[in-house]
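Participant: First the structure, then my questions, so here it is.
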Amino acid sequence: MEFIGTLCLILFLTLFFGHYSQRMGVPGVIGQLLVGVILGPAILNWIHLNTLVQTFADLGVIILMFIAGLESNIALLKKYLRPALVVAVIGVIFPGVIMGGAGLLFHFSRLECFFIGVVFSATSVSISVEVLKEFHVLDTKEGATILGAAVADDIIGVILLSIMVSMMGDSAGNENLGLVILKQVLYFVGVYLVIKWIAPYLMRTADRLFMTSSRTIMSMIICLGMAWLAESVGLSGAVGAFFAGIAVAMTPAHEEIDQSIEPIGYAVFIPMFFISVGLNMDFSHLLQSLGFVILMTVLGIGTKLIGCGLGGKLSGFDLTSNYVIGAGMISRGEMALITAQIGFSAHLIDPTHYSDVILVIILVTMIAPFILKHAIGHQRKVLAK
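Quick note on UniProt numbering: the sequence shown kicks off at 1 and runs consecutively.
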């Protein structure tokens, strides 16, 4: 029963903090993140990231990315696939090399530096998706490029992490790298089959079932099933949910599903995801590590903003679009947190450094929506002239 009270408090505060954030011209997600910081270990220490909160947060990520897939313009995603890949590759190289190299300044081992580079090469588009939706930019060439690049980033990051864990020979994650890649290739073959045949068949089957909301239930089965399969082959469940959303978007039921899924996600699960990011904040060792945290936060923002913006430039986008794309790729969120946790479990980083890395991830993730909002506003001003 304690969790019910916690959930009630969280939803009440996220509702009003999100509201007043938007009234002040700040993305609503920032207000929700701040609730997690205030209620968590960083300030009041009332709520901790326990199993139930984490489970709700995981579901929030999955539903948010499912909605992103549902609302994506498939033609735009296909059209901007090449730019997305260019943005993704440069967006991995820049933070990987620069932030990994910066670790040497703080006397980190070479393995730790490589690991830091891998952690910050990840992009968590979940929070960017929320800002893009709030400002109605998800269904644009920039939105399509950001979504495609984030998925590609995820795949590259998983492969790099798999290489590191395999090199360490950690028993918890010691799986042949070739087998991991083969599983992921087979997964994407399965994604094609789901989009082309399986999802349309399942949605037609749902139409014949005498159940209330049978289409919505079937769409959630597709979403959770693809998310679970993605996790089982070493990818993020968010990637699977995104492709599930695309699959359902290709069926005649996509508008009905979009309208029915959003209340489910935004009523409970999605706010819990944003809260969970804030709950990871901890200022207990901040003074000792202030130099590292400040430098890495600046680099965490700059490497994605400049690197992914450069990827946009090489793909023929104009300066304002490059700014939006770079800003949309800054957020690290759950992808970097998951990567950091896996690496920590595999002893790829010292425990004292691990908490500092987590703090940098959270700070970068909290600053990212402000930069993305500014980028979108700047683009609109330029286009209005």
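Ideal placement from N, C-alpha and C gives every residue a C-beta, glycine not left out.
Going by C-alpha to C-alpha distance, which of Cys113, Gly143, Gly234 sits closest to isoleucine 156?
Facilitator: Reading the sequence shown from its first residue, position 156 is the one you call residue 156. The shortest Cα separation from isoleucine 156 among Cys113, Gly143, Gly234 belongs to Gly234.
Participant: So, for histidine 378: in the same chain, excluding its five sequence neighbours on each side, which residues have a beta-carbon less than 7 Å away from its beta-carbon?
Facilitator: Numbered from its first residue, the sequence shown carries residue 378 at position 378. Cβ within range, chain order: Thr320, Tyr323.
Participant: How far does the alpha helix (DSSP H) with tryptophan 228 in it reach, from first residue to last?
Facilitator: Counting from 1 along the sequence shown, the entry for residue 228 is found at position 228. Per DSSP, tryptophan 228 belongs to the alpha helix (DSSP H) from 214 to 232.
Participant: Would a C-beta distance cut-off of 8 Å place leucine 70 and aspartate 356 closer than the cut-off?
Facilitator: Taking the first residue of the sequence shown as 1, we reach residue 70 at position 70. Taking the first residue of the sequence shown as 1, we reach residue 356 at position 356. Taking 8 Å as the Cβ cut-off, leucine 70 and aspartate 356 do not qualify as a contacting pair.
Participant: Between isoleucine 63 and phenylalanine 283, is the Cβ-Cβ spacing less than 8 Å?
Facilitator: Counting from 1 along the sequence shown, the entry for residue 63 is found at position 63. Counting from 1 along the sequence shown, the entry for residue 283 is found at position 283. No. Outside cutoff.
Participant: In chain order, which continuous runs of the alpha helix (DSSP H) of length 4 or greater are located wholly inside the segment 95 to 170?
Facilitator: 110 to 121, 125 to 134, 141 to 168
Participant: Just to confirm my understanding: we take aspartate 170, look at its own chain, exclude 5 residues before and 5 after, and list those with CB closer than 6 Å. What are they?
Facilitator: Within the sequence shown, the letter at position 170 stands for residue 170. In this prediction, aspartate 170 scores a pLDDT of 45, lower than 50, which makes its location untrustworthy; no coordinate-derived value is stated.
Participant: Work out the CA separation of valine 119 and tyrosine 80 for me, nearest whole Å.
Facilitator: The residue you call residue 80 lines up with position 80 of the sequence shown. The residue you call residue 119 lines up with position 119 of the sequence shown. Each residue's Cα considered, the two are about 26 Å apart.
Participant: Mind checking glycine 312: buried by the 16 CB within 10 Å criterion, or exposed?
Facilitator: One-based indexing of the sequence shown puts residue 312 at position 312. Buried: at least 16 other Cβ atoms inside 10 Å.
Participant: Give the DSSP-derived three-state secondary structure of threonine 51 in the structure shown.
Facilitator: Here residue 51 corresponds to residue number 51 of the sequence shown, with the count starting at 1. Of the three classes helix, strand and coil, the one that applies to threonine 51 here is helix, per DSSP.
Participant: Once DSSP output is grouped into helix, strand and coil, what is the label at aspartate 350?
Facilitator: Against the sequence shown, residue 350 aligns to sequence position 350. It is coil, neither helix nor strand.
Participant: Terminal residues of the continuous alpha helix (DSSP H) containing residue 388?
Facilitator: Residue 388 is absent from the structure shown; the chain starts at 1 and stops at 385.
Participant: If we call anything under 8 Å between Cβ atoms a contact, is valine 277 one with leucine 33?
Facilitator: By one-based count along the sequence shown, residue 277 stands at place 277. By one-based count along the sequence shown, residue 33 stands at place 33. Yes, they are a contact pair.
Participant: Between the C-alpha atoms of serine 213 and alanine 249, what's the straight-line distance to the nearest angstrom?
Facilitator: Position 213 of the sequence shown, counted from the start, is the residue given in the question as residue 213. Position 249 of the sequence shown, counted from the start, is the residue given in the question as residue 249. Distance between the alpha carbons of serine 213 and alanine 249: 17 Å.
Participant: Only counting the same chain, and skipping five residues up and downstream in sequence, which positions put a Cβ closer than 8 Å to that of methionine 226?
Facilitator: Sequence index remark: in the sequence shown, residue 226 carries index 226 (1-based). Cβ neighbours of methionine 226 beyond the five flanking positions: Val191, Val194, Gly240, Ala241, Phe243, Ala244, Ala247.
Participant: Can isoleucine 30 and proline 369 be called in contact, C-beta distance under 8 Å?
Facilitator: Your numbering for residue 30 matches position 30 in the sequence shown. Your numbering for residue 369 matches position 369 in the sequence shown. Cβ distance < 8 Å, so isoleucine 30 and proline 369 count as in contact.
Participant: Between which two residues does the alpha helix (DSSP H) carrying lysine 313 extend?
Facilitator: Within the sequence shown, numbered from 1, the residue matching residue 313 stands at position 313. Note, lysine 313: alpha helix (DSSP H), 290 to 314.
Participant: Going by alpha carbons, who is nearest to phenylalanine 108 out of Glu130, Val364, Lys373, Tyr354?
Facilitator: Here residue 108 corresponds to residue number 108 of the sequence shown, with the count starting at 1. Nearest of Glu130, Val364, Lys373, Tyr354 to phenylalanine 108, Cα basis: Tyr354.
Participant: Taking the alpha carbon of asparagine 73 as the point to measure from, which residue in Ser236, Met220, Thr145 has its own alpha carbon closest?
Facilitator: On the sequence shown, residue 73 is found 73 positions in, with the first residue counted as 1. Answer by Cα proximity: Thr145.
Participant: Look at the alpha carbon of histidine 48 and the alpha carbon of leucine 279, and state the distance between them as a whole number of angstroms.
Facilitator: As a working note, residue 48 is residue 48 in the sequence shown. As a working note, residue 279 is residue 279 in the sequence shown. C-alpha separation (whole angstroms): 7 Å.
Participant: Mapping DSSP to helix, strand and coil, what is serine 321?
Facilitator: Taking the sequence shown and counting its residues from 1, one reaches residue 321 at position 321. Three-state result, serine 321: helix.
Participant: Got a sec? Which residues, its chain only, sit under 8 Å from isoleucine 325 by beta carbon, not counting five neighbours each side?
Facilitator: The residue given as residue 325 occupies position 325 in the sequence shown. Counting only Cβ-Cβ distances below 8 Å, and skipping sequence neighbours, we find Val87, Glu142, Thr145, Ile146, Ala149, Cys308, Gly309, Gly311, Gly312, Phe317.
Participant: In three-state DSSP terms, what is phenylalanine 283?
Facilitator: The count along the sequence shown starts at 1 and reaches residue 283 at position 283. Phenylalanine 283: coil per DSSP, three-state reduction.
Participant: Rank Pro83, Phe3, Met220 by C-alpha distance to the C-alpha of tryptophan 46 and give the top, closest one.
Facilitator: Indexing the sequence shown from 1 puts residue 46 at position 46. Measuring from the Cα of tryptophan 46, the nearest candidate turns out to be Phe3.
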